[in-house]
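Participant:
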Amino acid sequence: ETGVTQSPTHLIKTRGQQVTLRCSSQSGHNTVSWYQQALGQGPQFIFQYYREEENGRGNFPPRFSGLQFPNYSSELNVNALELDDSALYLCASSLLEYQETQYFGPGTRLLVL
Amino acid sequence: QKEVEQDPGPLSVPEGAIVSLNCTYSNSAFQYFMWYRQYSRKGPELLMYTYSSGNKEDGRFTAQVDKSSKYISLFIRDSQPSDSATYLCAMTPGYSSASKIIFGSGTRLSIRP
Numbered sequence: 037e038t039g040v041t042q043s044p045t046h047l048i049k050t051r052g053q054q055v056t057l058r059c060s061s062q063s064g065h066n067t068v069s070w071y072q073q074a075l076g077q078g079p080q081f082i083f084q085y086y087r088e089e090e091n092g093r094g095n096f097p098p099r100f101s102g103l104q105f106p107n108y109s110s111e112l113n114v115n116a117l118e119l120d121d122s123a124l125y126l127c128a129s130s131l132l133e134y135q136e137t138q139y140f141g142p143g144t145r146l147l148v149l
Numbered sequence: 003q004k005e006v007e008q009d010p011g012p013l014s015v016p017e018g019a020i021v022s023l024n025c026t027y028s029n030s031a032f033q034y035f036m037w038y039r040q041y042s043r044k045g046p047e048l049l050m051y052t053y054s055s056g057n058k059e060d061g062r063f064t065a066q067v068d069k070s071s072k073y074i075s076l077f078i079r080d081s082q083p084s085d086s087a088t089y090l091c092a093m094t095p096g097y098s099s100a101s102k103i104i105f106g107s108g109t110r111l112s113i114r115p
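In the order they appear, the protein sequences are chains A and B.
When we follow this note's numbering, the leftmost residue of the first sequence carries the number 37, and every step to the right adds one.
When we follow this note's numbering, the leftmost residue of the second sequence carries the number 3, and every step to the right adds one.
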């Protein structure tokens, strides 16, 4: 076990709704990254937070936003859900200086109908 | 063209065989190279990482990086049915304010008993 947890495990939403996904990082890790993994694809980088500030963003629109809290937890918020947002959402925690050793949570599977 | 290319498979080999998994990449800035294993409906699990060129061995697993050819490999010796999973290569330029990890699309591996 990596010590990284995510909730909920599964979620069903309808198009246009908003969703909040949660992640609890491994204790001591100051960096959390969020990824979207479509079926049959590798994870795609959404954004990264370091000490509660956004520290890099991938090619995702502004309706994807995040927060990181002092207690090592973080959130991914997605507004105005689209059908293509259906995917496995993964968070990964690490130390900023050692991003080659980031540890993933089990993911939240989101289905948008 | 994707930054990281990985043959999706599926690859099916008999138990005990040597497995070779490969990725090619285009960005010469990549310095850290990782291999993850992902079981169905689970988050990726870090197997190994290497820095720059060379080999690294860990038990039955060997990772090789050839930066001149922009080619990385993972070898699995004495393969077991429990090795059946999707294997993802990943790479990053390293620590920086905008660094992010780029994943391949994954190779699905099946070990036949």
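Built from N, CA and C at the ideal position, the CB exists for glycine as well.
Since the model is a prediction, treat every value here as computed from it, not as a measurement.
1) Using 9 Å as the limit for Cβ to Cβ distance, is Ala92 of chain B near chain A?
2) Using a Cβ-Cβ cut-off of less than 9 Å, list which residues of the segment 123 to 144 of chain A approach chain B; keep chain order.
3) Take every Cβ of the segment 115 to 133 of chain A, pair it with every Cβ of the segment 60 to 68 of chain A, and state whether three or more of those distances are shorter than 8 Å.
4) Which residue's Cα is closest to the Cα of Ser122 of chain B: B:Pro95, B:Ile113, B:Lys72, B:Tyr53?
5) Which residues in chain B have a C-beta closer than 9 Å to the C-beta of Pro106 of chain A? List them in chain order.
6) Closer than 7 Å by beta-carbon distance: list the chain A residues that pair up with Gly45 of chain B, in chain order.
7) Given a cut-off of 9 Å on the beta-carbon distance, is the pair Val6 of chain B and Tyr27 of chain B in contact?
8) Chain A partners of Met36 of chain B, CB-CB under 9 Å?
9) Are the C-beta of Gly92 of chain A and some C-beta of chain B separated by less than 9 Å?
10) How about Tyr71 of chain A: is its C-beta nearer than 9 Å to some C-beta of chain B?
11) Please name the residue, chosen from A:Leu124, A:Arg87, A:Pro98, that lies closest to Ala74 of chain A on a Cα-to-Cα basis.
12) In chain A, what lies closer than 7 Å to Tyr51 of chain B by C-beta?
13) Taking DSSP as the reference, what is the three-state secondary structure of Glu136 of chain A?
Facilitator: Based on what the coordinates show:
1) Stepping through the second sequence from its first residue, residue 92 of chain B is reached at position 90. Interface residue, yes.
2) Leu124, Leu126, Cys127, Ala128, Leu132, Glu133, Tyr134, Gln135, Glu136, Thr137, Gln138, Tyr139, Phe140, Gly141, Pro142, Gly143
3) yes
4) Residue 122 of chain B cannot be examined here, being either before or after the span of chain B that is shown, 3 to 115.
5) Taking the first sequence and counting its residues from 1, the one referred to as residue 106 of chain A is at position 70. Correct list: empty, because the minimum Cβ distance to chain B is about 21 Å.
6) Looking up residue 45 of chain B in the second sequence gives position 43. The answer, in chain order, is Leu126, Phe140, Gly141, Pro142, Gly143.
7) In the second sequence, the residue the question calls residue 6 of chain B occupies position 4. In the second sequence, the residue the question calls residue 27 of chain B occupies position 25. Against a cut-off of 9 Å, the Cβ pair of Tyr27 of chain B and Val6 of chain B comes out as a contact.
8) By 1-based counting over the second sequence, the position of residue 36 of chain B is 34. Those are Glu136, Thr137, Gln138, listed as they occur along chain A.
9) Taking the first sequence and counting its residues from 1, one reaches residue 92 of chain A at position 56. It does: the Cβ of Gly92 of chain A has a partner Cβ on chain B nearer than 9 Å.
10) Along the first sequence, read from residue 1 onward, the residue named residue 71 of chain A stands at position 35. Taking Cβ atoms only, chain B reaches closer than 9 Å to Tyr71 of chain A, which makes this a yes.
11) Start at 1 with the first residue of the first sequence, and residue 74 of chain A comes out as number 38. The candidate whose alpha carbon is nearest that of Ala74 of chain A is A:Leu124.
12) Locating residue 51 of chain B in the second sequence gives position 49, counting from the first residue. Per Cβ cutoff of 7 Å: Glu136, Thr137.
13) Start at 1 with the first residue of the first sequence, and residue 136 of chain A comes out as number 100. DSSP places Glu136 of chain A in helix when its eight states are reduced to three.
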